Structures are given as C-alpha cells and as structure tokens.
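Residue 225 in the UniProt record's numbering is what sits at position 225 of the sequence shown, and the numbering runs on without skipping anything.
Here is the structure we will look at.
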Amino acid sequence: MTDLAEPLSALMFRLAGAGALSGLSRLSGGANMESWAFDWAGEGHVLRRAPSAEYMADRPFGHADEAALVMAAFGAGVKAPEVVGVLEAGDGLGTGYVMRRVMGEVSPATILADPPPSLLGDLARELARIHAVPLAKLPAAIPLMDTGAALAELKARFLSYGGDRPAIALAIKWCEDHLPEPAPPVLVHGDYRMGNVMVDVAKAGGGLAAVLDWELAHRGDAHEDLAFGCMSVWRFGRLDRPALGLGSLADYFAAYEAAGGGKVDPARFRFWLVYRTLWWALGCLQMGAAWRSGADRTVERVVVGRRTAEQELDLIRLLEEEAPEAERDRALPPSPAPAPAPAGEPANAEMVAAVREWIEASIKPASQGHAKFEAVVAMNALGIVLRDLGAGVRAGDRDLAAALLNGERTLAEPGLLARLRRDVLDKCAVDSPKYAPLVEARAAWRE
C-alpha cells in the first residue's frame, strides 16, 4: 500500500491539482484487476488498475478504451461511474483509470435480502439506456460479437481443456442447433448482474446507484444482457425470482420494453441463458488452466476453477426439457461408494483438515481486507479437497462428451439423462455443496 501511495498522489496531482491522499484501501476481491478506494482533497475516488500491461494482454481492449466507453455511457445518461482520468505509462501504476466514488451497497446477499421496491424496474430501465447508447460514440476498439464465431471459440476451448465434460458438450451441441440469426447490434454491457451494480439501500426511496465493471462490453445482441443476470448463479439463492433474483421475467421484460428497450423474444432469451451458462462454465475451467500454466497462481483462481460444477448442474437443468417425459421421470442411479474411513497414521484427508483448521483458528482472525478474503478462499479450497478425497476418484468422460458433441447420443437415449443428473449432483456436492440450485435439483430429481 505504501508503494502505491506515492505514485497515486502524483497521479492525482496531475489530474485534480493540489490535495492530500488519505484512506487508501484495497477493495475486496479481484485477484488480477485491482480496485483501490481513497480520498483526495476530501473527495472519494476509486482507482481501477492492472499492475502491468501483461494482465491486459488477452483482453479485446485496454483501459484507455474502457475508460472512453464508460465516459460515453455516462454522457448518454447511464448510471456509470464518472471517470476523472486515465493512467499513463509515466505514472508508474500500470494501466487503469480513476473514477469518482459512488456510495452504495454492492453485496448481492445484502441487496437481495431487502431490495428497494423500485430496483427491478431501475435495472430494466438502465439496461434499456445502455442499449440505446449511440454506437458511433463508442471507441473503435469495442468489438462486435459474432455469435457463431464466439460459440466455435468456446467449443475449441472446451476441447483444449480435455473435452471430457458431457454436460458442457451437450450445451455446445444445443447452442449449435439453436443459433439465432444476428440481431441489430447494441452496446452490450456483458456482465450485467447482481455483484456489478451498486444500490442505495440506506434510505426510503433508494434504488440503483451505479452500474460497474464494463470490461466485457461489446456490440451485440441485447438479449445477452437480459439473460446473463438471470442465470441461477447470479441470483444468489433467490431461485423463486428468476429476474436477477428480484422478481418475475414478465415484470422485467415489461419494464425493459416500457423504458424503450426492444421487444423481448423468449426463444432468443433462452438461447442466451444457455449460452452464457456455458460461457461461465468454460470461464471457470479457464481460470483453472491459468493457475496450472503459472499465469496466475492465486488460490482464488484455482478455487473458481472448481465452480464449473455449478454451471454443469445448471446446464442439465436448463436442457433436460429436451428429453422425453419418460426420461425426465426416470429414477437416478446410485452414487459411487464413498472412500473407506481412515485408520492408522493420518490420512491425506486428515492432513488437509488439520491445515484448514489452522487457517481458520490462526490465520483468518489475524487477517484484514484482501488477506482475510484470501484466507477464506484457501479454506474453501481445502474443503473441496476434503470432500473429494471422501467421495473417491472422479473423472470426466471424453467418449460420452464426444458422442454428445457430434449428436451421436442425445437425451432421448434411455438412462442417459438420469446418468448425467447423477454425475452433476455428485460433482456439485463436492465442489459447491452450498449452491442453492443443488438443493432444488435434488428435490426435483427425487434423490
């Protein structure tokens, strides 16, 4: 933090004139991209940065273009942060930009526990505003998404990661078979969901305060933004509220259309719901690959790599309606037998348990800020290992995945859906046992 204070003070002097830096603290989360809150001359700001250009190498546009995009959205009346200035090479801070700080709540759990009554309508209205930003105002670097090409890239990535996950293969094949015709392009935020919006929950009449995290923005289909925040994972346990964890899809669509958004096509919405669930499954695998390659050895990356299980479960729940009724009603096969209980000298599971207990008792209580977040993530990682050791060895099925990918096998095959359900249940129980859709799936599938 001390190393950051001096160059940040020089930057702010360049951008805003004389003042004093105070209250510098890193905001939680973000293993690669960093966000730092601070005050300058008594006014709140946030620095969003990557420590070096290497962190931005695989991104379609850099921070200067991202800042220009956010400024274009702000200028069009979107509740985007107000950009104060962009980092330059001589600032010694990597790449990034500074924004005025907006006060509000970002925690999905806190927001969804008691959301402002207007919030669903606010989010629908704001999305309509984003989609109405004139494309001519955007930096040329903001890419146009070709959905077919993007799907082919996801397929290539899946095969490069081993191509052995049947649920993912099933989703790729479904998306290929249901690829929609191109839609008139709009500005797509690309990450429009709970967790990336700031909400005023402190007073009566509160509502949406800001839309954050524009790094995945592109030109594309408006339905992609509509669907993304409605994925199960981004509803944070509010499964009875399919629209962003806040309400009904009918109300969300009606509010979006009333605010000037285009007519919502349910079939196109469903495609993007499946596509973005598939996209996030592969995004999780990609984070595991980044850890394995040495590109990012943070514990957060390796843990997120195991969240693929959540999306595999969601993909089967989304696609099971393609199966005949008899297959949807078929009973599940049994789970594999658990590993035998340890005896004698401490087993691997007991060694892992000892380290996890030490982190919980000694490291976590003494940590603060991002270090405390990392301690919790480390405990989660060891918890996954403990459950995996108890469940026995698991492996993917490359042959089944390949057969699903090329259409040789489908959900009409007797017993296949039941097997896929069993596999995703067991995998999610190891990797994400607190994932809310797991409880719902167990009940629906009569485990």
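Glycine included, C-beta positions come from ideal geometry on N, C-alpha and C.
Bear in mind the structure is a predicted one, so any value in this text is a computation, not a measurement.
- request: Please report the residue range of the beta strand (DSSP E) in which residue 474 lies.
  value: A question about residue 474 goes unanswered here, because the residues of the chain that appear run from 1 up to 447.
message: On the criterion of 16 or more Cβ atoms from any shown chain inside 10 Å, does K263 qualify as buried, or is it exposed?
response: Here residue 263 refers to the residue found at position 263 of the sequence shown. Looking at its Cβ environment, which holds fewer than 16 other Cβ atoms inside 10 Å, K263 is exposed.
Any alpha helix (DSSP H) of 4 or more consecutive residues that is wholly inside the stretch 18 to 89: 63 to 75
- prompt: What distance in whole Å lies between the Cβ atoms of L144 and H63, which are believed to be in contact at a cut-off of 8 angstroms?
  reply: Position 63 of the sequence shown, counting from 1, holds the residue named residue 63. Position 144 of the sequence shown, counting from 1, holds the residue named residue 144. Incorrect: roughly 20 angstroms between the Cβ atoms, too far for contact.
- prompt: Is A323 buried or exposed, if buried means 16 or more other CB atoms sit within 10 Å of its CB?
  reply: Stepping through the sequence shown from its first residue, residue 323 is reached at position 323. Burial call: buried.
message: One question on the structure: do A343 and E312 come within less than 8 angstroms of each other, judged by their Cβ atoms?
response: Here the question's residue 343 lines up with position 343 in the sequence shown. Here the question's residue 312 lines up with position 312 in the sequence shown. Cβ atoms of A343 and E312: not closer than 8 angstroms.
- prompt: What are the partner residues of L187, as DSSP defines its beta bridges?
  reply: For this step, residue 187 is matched to residue 187 along the sequence shown. Paired residue(s): R219.
task: Tell me whether the beta-carbon of G237 lies closer than 8 angstroms to the beta-carbon of A113.
output: Mapped onto the sequence shown, residue 237 falls at position 237. Mapped onto the sequence shown, residue 113 falls at position 113. Taking 8 angstroms as the Cβ cut-off, G237 and A113 do not qualify as a contacting pair.
message: Could you pull the DSSP bridge partners for G247 from this structure?
response: One-based indexing of the sequence shown puts residue 247 at position 247. DSSP, once it has assigned bridges, lists A243 as partnering G247.
task: Could you please give the first and the last residue of the uninterrupted alpha helix (DSSP H) stretch that includes A444?
output: The sequence position of residue 444 within the sequence shown is 444, counting from 1. Looking at the DSSP string, the run of the alpha helix (DSSP H) that includes A444 is 436 to 444.
query: Helix, strand or coil: how does DSSP classify V102 here?
result: On the sequence shown, residue 102 is found 102 positions in, with the first residue counted as 1. Coil.
message: Quick check: is any heavy atom of the ligand ADP less than 7 angstroms from the C-beta of A429?
response: Of ligands this structure carries none, so the ligand ADP is not represented either.
message: One question on the structure: do M198 and G229 come within less than 8 angstroms of each other, judged by their Cβ atoms?
response: What you label residue 198 is simply residue 198 of the sequence shown in a count that begins at 1. What you label residue 229 is simply residue 229 of the sequence shown in a count that begins at 1. No, Cβ-Cβ distance for M198 and G229 is not below 8 angstroms.
query: For Q368, which residues of its own chain have a beta-carbon under 8 angstroms away from its beta-carbon, when the five flanking residues on both sides are left out?
result: Walking along the sequence shown from the start, residue 368 turns up at place 368. So no residue of the chain qualifies.
For T308, the residue or residues it bridges with in DSSP: Numbered from its first residue, the sequence shown carries residue 308 at position 308. None; T308 has no bridge partner.
- prompt: Are the Cβ atoms of F269 and A227 separated by less than 8 angstroms?
  reply: Counted from its first residue, the sequence shown places residue 269 at position 269. Counted from its first residue, the sequence shown places residue 227 at position 227. In contact: F269 and A227 (Cβ atoms closer than 8 angstroms).
query: What residue range is occupied by the uninterrupted alpha helix (DSSP H) comprising L93?
result: Working through the sequence shown from its first residue, we reach residue 93 at position 93. Run containing L93: none; DSSP gives neither H nor E here.
- prompt: What's the gap between the Cα of A31 and the Cα of W291?
  reply: Position 31 of the sequence shown, counted from the first residue, corresponds to residue 31. Position 291 of the sequence shown, counted from the first residue, corresponds to residue 291. Here the model assigns A31 a pLDDT of 46, short of 50, so the residue's position is not dependable, and the following value carries that caveat. Each residue's Cα considered, the two are about 12 angstroms apart.
- prompt: Would you say R48 and M33 are within 8 angstroms of each other, going by their C-beta atoms?
  reply: Stepping through the sequence shown from its first residue, residue 48 is reached at position 48. Stepping through the sequence shown from its first residue, residue 33 is reached at position 33. Against a cut-off of 8 angstroms, the Cβ pair of M33 and R48 comes out as a contact.
- request: Spatial neighbours of D265 within its chain, please: CB distance less than 7 angstroms, with the 5 preceding and 5 following residues excluded, ordered by chain position.
  value: Start at 1 with the first residue of the sequence shown, and residue 265 comes out as number 265. Correct list, in chain order: H223.
message: Could you check whether L69 and P139 sit closer than 8 angstroms to each other, using their CB atoms as the reference points?
response: Within the sequence shown, residue 139 is the residue found at index 139, counting from 1. Within the sequence shown, residue 69 is the residue found at index 69, counting from 1. Yes, Cβ-Cβ distance for P139 and L69 is below 8 angstroms.
- prompt: If we count the other Cβ atoms within 10 Å of its Cβ and call it buried at 16 or more, is L179 buried or exposed?
  reply: Residue numbering aside, residue 179 sits at position 179 when the sequence shown is read from its first letter. A residue is called buried once 16 or more other Cβ atoms fall within 10 Å of its Cβ, and L179, having fewer, is exposed.
- prompt: Once you ignore the five residues that flank E320 on each side, which residues in its own chain have a CB closer than 8 angstroms to its CB?
  reply: Numbered from 1 along the sequence shown, position 320 holds the residue referred to as residue 320. So the list reads R328, L411, L417, R421, once near-sequence residues are dropped.
- prompt: Under a three-way DSSP split, which group does A375 fall into?
  reply: In the sequence shown, counting from the first residue as 1, residue 375 sits at position 375. Residue state, collapsed to three classes: helix.
query: Does the distance from the CB of H131 to the CB of L187 come in under 8 angstroms?
result: Taking the first residue of the sequence shown as 1, we reach residue 131 at position 131. Taking the first residue of the sequence shown as 1, we reach residue 187 at position 187. Yes, these two residues count as a Cβ contact at 8 angstroms.
- request: Please go through the same chain and pick out, in chain order, the residues whose beta-carbon is closer than 8 angstroms to the beta-carbon of I172, but skip the five residues on each side of it.
  value: Here the question's residue 172 lines up with position 172 in the sequence shown. If we look at I172 and ignore the five residues flanking it on each side, its Cβ neighbours are L151, L154, K155, F158, L278, L405.
- prompt: Ends of the beta strand (DSSP E) at V199?
  reply: Numbered from 1 along the sequence shown, position 199 holds the residue referred to as residue 199. Segment 197 to 199, the beta strand (DSSP E) holding V199.
field: Closest by C-alpha distance to P60, when choosing among R409, Y161, E215
entry: Here residue 60 refers to the residue found at position 60 when the sequence shown is read from its first residue. Out of R409, Y161, E215, E215 has the C-alpha closest to the C-alpha of P60.
task: Assuming K364 contacts A375 (C-beta within less than 8 angstroms), just tell me the rounded distance between them.
output: Counting from 1 along the sequence shown, the entry for residue 364 is found at position 364. Counting from 1 along the sequence shown, the entry for residue 375 is found at position 375. Correct: roughly 4 angstroms between the Cβ atoms.
query: How is A202 classed by DSSP in three states: helix, strand or coil?
result: Sequence index remark: in the sequence shown, residue 202 carries index 202 (1-based). In the structure shown, A202 sits in coil (DSSP, three-state: anything other than H, G, I, E or B).
field: Selection from D213, Y275, M231 that minimises the alpha carbon distance to G221
entry: Within the sequence shown, the letter at position 221 stands for residue 221. Checking the displayed sequence, the identity of residue 221 turns out to be Asp instead of Gly. For the residues D213, Y275, M231, the minimum Cα distance to D221 belongs to Y275.
task: Flag this pair as yes or no: are the beta carbons of G207 and P116 separated by less than 8 angstroms?
output: Start at 1 with the first residue of the sequence shown, and residue 207 comes out as number 207. Start at 1 with the first residue of the sequence shown, and residue 116 comes out as number 116. Contact: yes.
G283 vs V302 beta-carbon contact at 8 angstroms: Residue 283 sits at position 283 when you count from the first residue of the sequence shown. Residue 302 sits at position 302 when you count from the first residue of the sequence shown. Not closer than 8 angstroms, so no.
- prompt: Can you give the Cα-Cα distance for M56 and Q286, rounded to whole angstroms?
  reply: Locating residue 56 in the sequence shown gives position 56, counting from the first residue. Locating residue 286 in the sequence shown gives position 286, counting from the first residue. Distance between the alpha carbons of M56 and Q286 is about 16 angstroms.
message: Measuring alpha carbon to alpha carbon, tell me which residue in G92, D200, A361, V377 is nearest L119.
response: The residue you call residue 119 lines up with position 119 of the sequence shown. When each option's Cα is compared against that of L119, the closest is D200.
task: Quick one: give me the first and last residue of the beta strand (DSSP E) that A323 is part of.
output: What you label residue 323 is simply residue 323 of the sequence shown in a count that begins at 1. First-last for A323: undefined, no H or E at that position.
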